[in-house]
Every structure is written in C-alpha cells, then in structure tokens.
Amino acid sequence: MVPTSPSPRPEQPANPEIALLELVCLPTPYEQTYPLASLTLSHPHLRWGGLIELAVDHKVLCLLADYLTHTGLLHEQKPHRARFLARQLRLNQYTLHYHRREAARIAQAFTDASIPYAAVSGIAVESTLYYGRGERPLSDIDLVIEHSRLAAADTVLTKLGYQPIGQTRRRSVGPYTRTLADPLVPRIVVDLTHQLNEVAVDYAPFMAEMVRRRTAQPIPGSPDVLLSVPQRAVHAAYATIALWDKAHRSRQLTLLSCADLLRLWHHAIQAGEADAARQVIVDHNARSQADWVFRRLDRAMGSNITNALKLDPQIGPPAPHVADDLATLLYGNQS
24 MVPTSPSPRP EQPANPEIAL LELVCLPTPY EQTYPLASLT LSHPHLRWGG
74 LIELAVDHKV LCLLADYLTH TGLLHEQKPH RARFLARQLR LNQYTLHYHR
124 REAARIAQAF TDASIPYAAV SGIAVESTLY YGRGERPLSD IDLVIEHSRL
174 AAADTVLTKL GYQPIGQTRR RSVGPYTRTL ADPLVPRIVV DLTHQLNEVA
224 VDYAPFMAEM VRRRTAQPIP GSPDVLLSVP QRAVHAAYAT IALWDKAHRS
274 RQLTLLSCAD LLRLWHHAIQ AGEADAARQV IVDHNARSQA DWVFRRLDRA
324 MGSNITNALK LDPQIGPPAP HVADDLATLL YGNQS
C-alpha cells in the first residue's frame, strides 16, 4: 500500500490580526476556516491589543467573539481575554433584543398604515445571513421608503415616540431616535431614507425599486410580525452600490460592510440569483461602481473572495491574503 502524503500545512499570514478578522468575515462555515484561524492565533507576532483595536474599529468584535466561541478556540485563550470577548457578545445580544423589538413595533405600525418599506443592512441580515446569535452588531435600524411616503412615515415614527435628530441637504429625512430607560441601551436610532448620499448620481429610482421588489421574513422574538426586506438579488445590488457610495464619501470601509456584502452575494449565488443581481446593477447604470467595489475587494482579499463565492466544498481553508492590499482597501486612497 502506497502511503499518502500529508496535507500541506497552511502558511502563517504576514499580518495575523487582519488575517484572523478576515477569516471571521468570510461567509464559509466555521469548520472550513478553523485550521488557518487556529494557526493564526498561534502566530508569534499576533498582538491581542492590536487585534481588539482593529476588531472595534471595523465593528467585528462580536463576530470575532462568536467565531472563537463556536470553534472552541476561545477556551484556548487566556481567561481574561476569553471573559472579555464573552462579555462583549452577551452585551451585543442584549442590545440586539431591543433593536428587534423596535423593528417589530415599526414594521407593524407601517403595515397598519399601509406604508411600504424595505429594511436593509443590519436588521435585515443579522438573523438570515449570520447565525442570529447576536454576533452581528447593529447601530441603527435602516429603512428605505419611497419619497412620496416619507411624510406618512414621519407621522408614524413620531407616534411611536421617535424624534428626528437632524436633516441634511442630500436627504429629505434624517435619522430618528427614541430614548429608552435602559442604561445599557439608552436609545434606538432609525435611519429613514429614500436616496443614497452621493449627489452626483440619482439613486432614488433604485431605492424605490427595492421597496417594490420586497419580500418578508420573521423577526426573532416577534413571531406575529414580518419584516419587509428587499429580494435577495436587489439587496445584493444595493449593498454593492452602497459600499461604493460610502467609499466615495471618504468614509472608512469596515470589515463588517465587507462581511455583509460577501454574504449577500454568497446567498444570491447559492439561490441562482447572481445574474439577477448583476442585471439590477446594469439596469441602474451602476456597473462601473460595482466593478470598482469588486476590483478593490478582490485585490485586497486575494483569493479569499473568489473562494468564498465559488461555494465549492472542496476548496478547503482560504489562502492568506496580501495584508498591504487589504490595508489599502480599508484605510488607503479611495479615489
């Protein structure tokens, strides 16, 4: 019998902090990335202070905590680090409870008032594209409304106890906030919009299409209320254009935004809707914007984005990325 050669040991990444957070953001099952994550955690140059700082800056601290918890890697860390991450995850789960509750109140009120809307980003993906264990943080509830219904939506939100906290020249309605009597969750913010912020391009028709092409999904903890969200293909197109819009307003591209984008396209491909998502982008003359996003993302994350979107169970752990390119995507010139 001919002996089989062992599988090659994956190489340790040059930048272990970024490499580990990148693995956490991929839409592949945890067991596929576990070997490289375990190796990265043992990297002699991994700095936990730098890892936590990056995770906070990129809004993926709870994703990291959940990943380490459910791969068993958290128990291999020093007790004070494990306790800190477990505590952050519990706090986010607590906060998420309030966001879900408020999303249910708003969804029911909009339905009763016959106001069509589409929830996007965090509240729309935390229980469907992630595991729904509180690992995906939320800072607000993002809702898209057709321009003609903004006044009606304003009335409903006011009746629910929300107050506008500012308006901008680029959008007809600014965020709304409702104060809570909870010391850990002092307020809930609802971001109501009908337009992206980029003034050079009018995306109001695209935003209106998201509202028209919507579906419904349950809200954990509120079994009698359904949340309106864009259809999968439209949501993937929206996330792509929104990432471009954010970059061209000189805002930092966080790993959390990249994680959402990868998961939306991952699920679109899985459902056979990737071509439909691309067609939405083409129909709204956003092909150059989408190309820019995927070029930058692919250059930054190397073969990881290719592997994540192939959905091939035989691909194994993704190869390490080029840390300098990822830094360019996240921090560098975005012109």
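Positions in the sequence shown are counted from 1; adding 23 to them yields my numbering.
Beta carbons: idealized from backbone N, C-alpha and C, even for Gly.
Look at residue 214 here: in three-state DSSP terms it is strand. Boundaries cannot be given for residue 151, as no beta strand (DSSP E) includes it and DSSP labels it neither H nor E. Residues 285, 286, 289 and 331 of the same chain have their beta carbon placed closer than 7 angstroms to that of residue 50, with the five preceding and five following residues left out of the count. CA-to-CA, the gap between residue 159 and residue 143 works out to about 14 angstroms. When only Cα atoms are considered, residue 209 and residue 197 end up about 19 angstroms apart. No Cβ-Cβ contact shorter than 9 angstroms links residue 258 with residue 230. Taking the Cα positions, residue 216 is about 6 angstroms away from residue 168.
Excluding five sequence positions before and after residue 244, the CB atoms of its chain that fall closer than 6 angstroms to its own CB belong to 123, given in chain order.
Only residues of its own chain outside the window of five on either side were considered, and among them 210 have a CB closer than 6 angstroms to the CB of residue 202, listed in chain order.
Sequence-distant partners of residue 118 (beyond 5 residues in either direction) whose C-beta falls short of 6 angstroms from its own C-beta, in its chain, are 208.
Pairing residue 97 with residue 109 gives a Cβ-Cβ distance under 9 angstroms.
Excluding its 5 nearest sequence neighbours in each direction, residue 89 has C-beta neighbours in its own chain below 8 angstroms: 112, 154, 156, 157 and 158, listed in chain order. Look at residue 136 here: in three-state DSSP terms it is coil, with no helix or strand label.
Boundaries of the beta strand (DSSP E) around residue 237: 237 to 242. Its chain contains 197 and 199 as the residues whose beta carbon lies nearer than 6 angstroms to that of residue 187, once the 5 sequence neighbours on both sides are disregarded; these appear in chain order. In the three-state reduction of the DSSP assignment, residue 168 falls in the strand class.
Here the stretch 73 to 85 makes no contact with the stretch 170 to 178; the two share fewer than three CB pairs at distances below 8 angstroms. Looking at the DSSP output, residue 245 bridges to 242.
Rounded to the nearest angstrom, the gap between the Cα atoms of residue 307 and residue 138 is 24 angstroms.
In this structure, the straight-line span from the alpha carbon of residue 74 to that of residue 68 is close to 11 angstroms. When secondary structure is reduced to three states using DSSP, residue 83 falls in the coil class, being assigned neither helix nor strand. Ranked by Cα distance from residue 65, the first of 101, 135 and 235 is 101.
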